[in-house]
Amino acid sequence: MMEILKYISLAATTWFMGFFPHFEIYLAVPFGLSVGLNWFDAFLWASLGNWMVIPLIDFLYNWLMKFKFMKKMSDKSLRGKWRNRIEKYGVFFILFLTPVTGVWVIGIIAKALKINRIQLWIYSGISVGVTGFIIAVLANMGFEFFS
Numbered sequence: 001m002m003e004i005l006k007y008i009s010l011a012a013t014t015w016f017m018g019f020f021p022h023f024e025i026y027l028a029v030p031f032g033l034s035v036g037l038n039w040f041d042a043f044l045w046a047s048l049g050n051w052m053v054i055p056l057i058d059f060l061y062n063w064l065m066k067f068k069f070m071k072k073m074s075d076k077s078l079r080g081k082w083r084n085r086i087e088k089y090g091v092f093f094i095l096f097l098t099p100v101t102g103v104w105v106i107g108i109i110a111k112a113l114k115i116n117r118i119q120l121w122i123y124s125g126i127s128v129g130v131t132g133f134i135i136a137v138l139a140n141m142g143f144e145f146f147s
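Going by the UniProt record's numbering, 144 is the number at position 144 of the sequence shown; the sequence numbering is gapless.
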């Protein structure tokens, strides 16, 4: 029973790290590995946590914009070069942009630009999954090398 509770707490912590800005998947996967999750579980929970930002922003965008820090993030994201690139190259560019800017920025820009929901969910999911997998494999190799 204690093993299950320990696993749930480690998985939940990894998930939350993947979810929050600035941590996102880049710190969540190595964290999951460092606390004892295997590479696949660290990848899975960090990726799910990271990707869940997209549905949250998609469904709650108008409510989230009532918060000053979210409005500030939105305004900054929409003034930047990333908006121009998405407008220029289309929704497919989300595949390449998500690892660079993070899912919070992508979700906000995509919602503000009224990008198709299904395309956003699929492309961001693919991007987060591939990024998470690469990070998990490389971090696991690093942990094994230094063990």
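Every residue, glycine too, gets a C-beta built ideally from N, C-alpha and C. Because the structure is a prediction, the values reported are computed rather than measured.
Check: Between the Cα of V91 and those of G80, I109, T13, spot the shortest distance and give me the residue it belongs to.; Outcome: I109
Check: Roughly how many whole angstroms lie between the Cα atoms of E3 and Y89?; Outcome: 48 Å
Check: Going by the beta-carbon positions, is the gap between T98 and V137 smaller than 8 Å?; Outcome: no
Check: Could you give the distance in angstroms between the alpha-carbon of W63 and the alpha-carbon of E144?; Outcome: 44 Å
Check: For a test of the three-state rule: what should DSSP assign to V100, helix, strand or coil?; Outcome: helix
Check: Can you tell me the Cα-Cα spacing of residue 150 and N84, whole angstroms?; Outcome: The question about residue 150 has no answer here: the residues shown for the chain are numbered 1 through 147.
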